[in-house]
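Step one of this worksheet: look at the structure below.
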Amino acid sequence: MKDIPRLLAVVVATGLVIAACAPAAPPTAVATQAPAATVATSPAATGKPAEQVKLVIWWWGEQEAPGAQKWLDETVAKYTQAHPNITFDTVLQSTDNLELAFQAAAAAKQGPDIQYFWAGMGFLQNAVWSGAVKPVDDLIPAGERAHYINNYERTFDGKLWGVNWYLSGNPLVYNPELFKKAGLDPSNPPKTWDELKAACGKLNAVGVIPISGGLKDGWFGGWLFSMIARQNYDSEKELVAASAGAAKFTDPKYAEYWSRLNELKEAGCWNKDINSVDYQQGQDLFTQGKSAMLFGNDTFLKGFADTMGSWDKIGLMLVPKYGSGKLADTYTVTGQGWGITSWTKYPQEAADFLVYMHTPERLAAWFTDTGVAPADDRMDPSLISQPQLKQVYKWETTVPGPNLENWIPGIVDHDAMMTGAQLLFSGDNTPAQLAQMTEDVVVKWRDQNPDAVKNFVILAK
Amino acid sequence: MLLSQPVDTMQYRKFEPWLYLSPALIALALIYGYPVARLLVLSLQRGSGSGASFAGISNYQQLFKDYLFLGAIRHNLTLLICVPIMIVIALILAVFLFDRIRGWRFYRSTLFLPYLLPITVVGLVFSYVFQLSGVLNDFLKLIGLGALALDWLGSTKLALPTLMFVIIWKEVGFGIVLFLARLMSVDEELFDAAKIDGANWWQLHWHITVPQLSTVIEFFAVISVITMLSWVFNYVFVMTGGGPGNATMVTELYVYLEGFEWNQMNIASSVSVLLLFVTGGFIFLELRVRERLGAVEAVG
Amino acid sequence: MSLRDKALRVLASVTRQGLVILATILALFPVYFMAVSALKSRSEYISNKWGLPASLFLGNFATALAGEKFLIRFANSAILTVGSVGISMVIACLAAYAFSRMEFQAKRSLFNVILSLMVIPPVVMIIPLFVTMAHWGLINTRGGTILIYTGLLLPFSIYLMTNFFQTIPREIIDSARIDGCSNFAILWRIMMPLSSPAVITLIVVNALWAWNELLIALIFLQKDSLKTLMVAIATLRSRNYVDVPVTMAGMLIATIPIVVVYLLGQRYFIRGLTSGAFK
């Protein structure tokens, strides 16, 4: 029959097209560039001729600390000058695919040599416990490591698994001018919980939204938990232990958070539409001068000043106290940083590059480029001229405290903290019910994840 | 559609169908083969990779104890209500355009526009429309209907219906164009004959239009049902993130959260497998029912 | 015709027109919002979300376009779309021919299975797909991603084409056979031309999907020279902040090609959709 050959031709043609369109991609690790250096300094003091090295870096951060891209490009350029046998490939990830891409890479054991990680459960689960990153203890000397800030966020089972890059902290930002308008002392913001509630009353009286926020996109609920619930704890380990079963989330120490949040709601402290707007819209209310306080992030401060026109409209305070745990006086700060993948061919070279990032010149350049504090205590504080940023750096180096969101299972963060905040503000649940809900979610997590619970027990030590 | 309808008197060698099928089978095997196999395997395990252990159906049992999952299923089923609504709206608008009301060509272009827009844009815009202090409520207050200015996205009871509105808004354009196109290829004589017989607008469309469109309606219905079950992730992700208070959690979002945020790939795989079988069953039934009803595509 | 009838007629006509106008306003509103926001600076946007811009601020387009890279991104999106839609179309028509016009063992079950694949959320496919693609060295290649898109488009395409092929009357095919046409010729010369409505619909739906697709392009095409338009726009989004005017400008840039193609091609689109087999 005459159409079989024709049909075969179509099939074969299709197959050929598919095959032709798929040239073999070069494997990611080995570079084929850059002539061998004649004047090169070899990266490690081993005396052998420098081999061609390619390091692939998947990173994030330009979105949070604008200027990061510029700094990274500069850092890479300088390092390559000093080490011509090393080439870099840096790929900026999108917020939505940072973790997904890494999980895919880890499954295929192919991709980046150096990976950016937010701190928290995502890092522990996807990088440390799954064996996707190497500890850096053997790659970076202890004396050097001691200068990095917030190492405890990257420590597990006695080893350090990541190198922090910059700090992201959460102050309670306020507008001194609006404070004055309401009859509050702008240089003396509320220090106790009752003072905060009273301030809300005064601000409402002059038509100013006391605190603005947005819960629709969910994650602000997690921030609220981090910043407000901390006051009853002495250490984040108490939370970890509770998740592992050592205590119940309906115990007063843990449940008080919900009643406190409810008090703020009852005192009329928030914008009425908090449940139907995203966090950023709540933030916009602050930068437009419509609200007086904002649970914010210190990487945005420079942007606020630009939008509002002046640094005078920005004041910072720690969250007013109701509790007396050790964490109540601390500044919530987390370190964003790097990990070295377990499948990389060049772990020492990768580590050396990370160390280079922490040299004083690079630290200073980072601050100049982004206005964000690097995660290293060797930065020269005199570089900081803005009093507000000085205050931030002081808090970050003298009273840093854990970001509690990073120490609870992801599902608890989402289903209890984020969802709970939404339900509180929509009026669907009482604080007591929400405390119970939190406990229910934790129990469910324990049922579904016996292996993770074991890790949590280790973490809680 | 009748797969068991007696085929034409075609002559072909026994292997010939497979020849025509082979490119499809190869491509599908390449892309779906390993992932589906892995899904099935993971759904029966605890942990993955080297640390995996056989867990039988315990993942599935966990699923049905999980209020979050059950809520997701409930919400997906609620979304199915959109399908008849979409069909009716698309039919009505298609018929209006077919009636060649003034400016119909212009409307035809504009009504399809929502379908062209990326969901991210649509989601973002409607987020702003529906928020408590958003455009819709401002407008309602303006015309004196302030009592109706509700918290469309922030209330646990209203969020899902609001989402449904947006989904309908975007997907209905496809139906309109489908129906209109099919209508325009229906024999004019049918309509003329009916009009001569004195049929009014309603009778005309009920007795002629709808039957003529039955295959297209069925097709649109099936695709819409699958959309409501499996292709609404982007809407939810952009507009509500599953909230408030998990009031708009859907199965795809559940899979995403379980698999990638909470590192429980086994549970996520179980959901996917479940979806696969449920839809497979649904399609199977649908095909069978069609055959039983002996429906034949009306043509010409 | 009595006055009452005339009045009713007018009322009906006005209602019809009114409903359609309402539908159109609803449909066009987001486009208005996109356009208007893209032309505002960030601070202007924050204070005035809905109104017309005070002046035409073009800075957002510059940010979103990121210089000459725009053309590369555009080309990448186009290559992926054309490639995957074209290939999947060919494969789907061949398969649909077999399903709709031939008998073979396990036909029903196979069809059932293929359709069910439509339901799998692409999200769960990402990791295993990455592993297989890495194994074949297809990460960061256009061909690899085209292959993925083609696979994902097939179930729906096969469904639609099979559905349509079945509506072609037996008589036409029988008469072609009597004229001595081979099976393949029947497909190529008779069924395909008659199927232009379905083909065009499929092209439109698939092309929209491929053009707007984000997740897979993000993960499988990380090399800067390979990034698509949607990916470039998505990267603008921060963890906690969406710069709406810039995002809208980016969206406009990404959507305008489609809209232009649609408006220009509309005539052919409609003509194709309505070239009936049925007169």
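Protein chains in written order, with the numbering used here: chain D, 638 to 1098; chain A, 108 to 407; chain H, 6 to 284. Backbone N, C-alpha and C define an ideal beta-carbon position, used for all residues, glycine too.
Check: Any contact between the segment 356-365 of chain A and the segment 325-340 of chain A? By contact I mean 3 or more CB pairs, one from each, below 8 Å.; Outcome: yes
Check: In three-state DSSP terms, what is Ala929/D?; Outcome: strand
Check: Please tell me whether Ala682/D has its Cβ less than 8 Å away from any Cβ of chain H.; Outcome: In this prediction, Ala682/D has a pLDDT of 47, which is less than 50 and means its spatial position is unreliable; what the coordinates show is noted afterwards. No, because no Cβ of chain H sits closer than 8 Å to the Cβ of Ala682/D.
Check: State the CB to CB distance for the pair Trp895/D and Ile848/D, rounded to an integer number of angstroms; the pair is presumed to be in contact (CB under 8 Å).; Outcome: About 17 Å; that fails the 8 Å criterion.
Check: Buried or exposed: Leu151/A, going by 16 or more other Cβ atoms within 10 Å of its Cβ?; Outcome: buried
Check: Output needed for Ala702/D: all residues of its chain with C-beta closer than 7 Å, excluding positions within five of it in sequence on either side, in chain order.; Outcome: Tyr803, Thr936, Thr1007, Val1009
Check: If you measure from the CB of Leu382/A, is any heavy atom of the ligand NAP nearer than 7 Å?; Outcome: Only the bare structure without any ligand can be found here, which leaves the ligand NAP out of the picture.
Check: Determine the chain H residues that contact Asn722/D at a beta-carbon separation under 9 Å, and present them in chain order.; Outcome: What Asn722/D touches in chain H: nothing, since even the nearest Cβ is about 22 Å away.
Check: Residues of chain D with CB closer than 8 Å to the CB of Ile224/H, please, in chain order.; Outcome: Asn734, Leu737, Ala738, Ala741
Check: For the 8 Å Cβ check, are there 3 or more pairs between the segment 1028-1045 of chain D and the segment 749-765 of chain D?; Outcome: yes
Check: Please report the distance separating the alpha-carbon of Asp949/D from that of Gly858/D.; Outcome: 29 Å
Check: Checking contacts by CB at 8 Å: is Tyr50/H closer than that to chain A?; Outcome: no
Check: Strictly below 7 Å CB to CB, what residues from chain H border Ile275/A?; Outcome: The contacting residues do not exist; Ile275/A stays about 10 Å from chain H at best.
Check: Would Pro428/A count as contacting chain H if we go by Cβ distances under 8 Å?; Outcome: Outside the modelled stretch of chain A, which goes from 108 to 407, sits residue 428/A, for which no answer is possible.
Check: The beta strand (DSSP E) with Trp696/D in it runs from where to where?; Outcome: 690-696
Check: Identify the contact partners of Ile132/H in chain D, using a Cβ-Cβ distance below 7 Å as the criterion.; Outcome: Gln740, Ala741, Ala744
Check: Using the C-alpha atoms, what's the distance from Trp708/D back to Asp794/D?; Outcome: 33 Å
Check: Find the residues of chain A that neighbour Leu24/H, judging by a C-beta separation of less than 8 Å, and give them in chain order.; Outcome: Ile199, Leu200, Phe203
Check: Does the Cβ-Cβ distance between Val728/D and Gln227/H come in under 8 Å?; Outcome: yes
Check: Looking only at its chain, what residues have a beta carbon closer than 7 Å to the beta carbon of Pro749/D, apart from the 5 residues adjacent to it on each side?; Outcome: Val693, Ile694, Trp695, Ala742, Thr978
Check: Find the residues of chain H that neighbour Thr944/D, judging by a C-beta separation of less than 7 Å, and give them in chain order.; Outcome: Ser48
Check: Anyone know if the C-beta pair for Gly350/A and Gly919/D falls short of 8 Å?; Outcome: no
Check: Closest Cβ-Cβ distance between Ser7/H and chain A: below 8 Å?; Outcome: no
Check: Report the residue ranges of all alpha helix (DSSP H) runs contained in full by the segment 850-901 of chain D; include only those spanning at least 4 residues, in chain order.; Outcome: 857-865, 874-881
Check: Kindly identify the DSSP beta-bridge partner or partners of Phe754/D.; Outcome: Gly974/D
Check: When burial is assigned at 16 or more other CB atoms within 10 Å of the CB, is Ile324/A buried or exposed?; Outcome: buried
Check: Starting from Ile333/A, find everything on chain H with Cβ-Cβ shorter than 7 Å and list it in chain order.; Outcome: Met123, Val124
Check: Straight-line CA distance for Thr86/H to Val329/A?; Outcome: 25 Å
Check: What are the start and end residues of each continuous alpha helix (DSSP H) run of 4 or more residues lying completely inside the segment 286-315 of chain A, in chain order?; Outcome: 295-303, 308-311
Check: Contact criterion: CB-CB distance below 8 Å. Does Ser150/A meet it with respect to chain H?; Outcome: no
Check: Measuring alpha carbon to alpha carbon, tell me which residue in Gly976/D, Val765/D, Gly960/D is nearest Leu991/D.; Outcome: Gly976/D
Check: Give the interface partners of Asn763/D over in chain A, defined as CB-CB distance under 8 Å, in chain order.; Outcome: Asn370
Check: Provide the residue span of the beta strand (DSSP E) that contains Val810/D, from first to last.; Outcome: 809-811
Check: Considering Thr1035/D, what are the terminal residues of the alpha helix (DSSP H) in which it resides?; Outcome: 1024-1035
Check: Could you please tell me which residues of the segment 912-937 of chain D, in chain order, have their CB closer than 8 Å to any CB of chain H?; Outcome: Asp915, Tyr916, Gln917, Gln920, Asp921, Thr924, Gln925, Asn934, Phe937
Check: Got a sec: is the Cβ-Cβ distance from Gln227/H to anything in chain A below 8 Å?; Outcome: no
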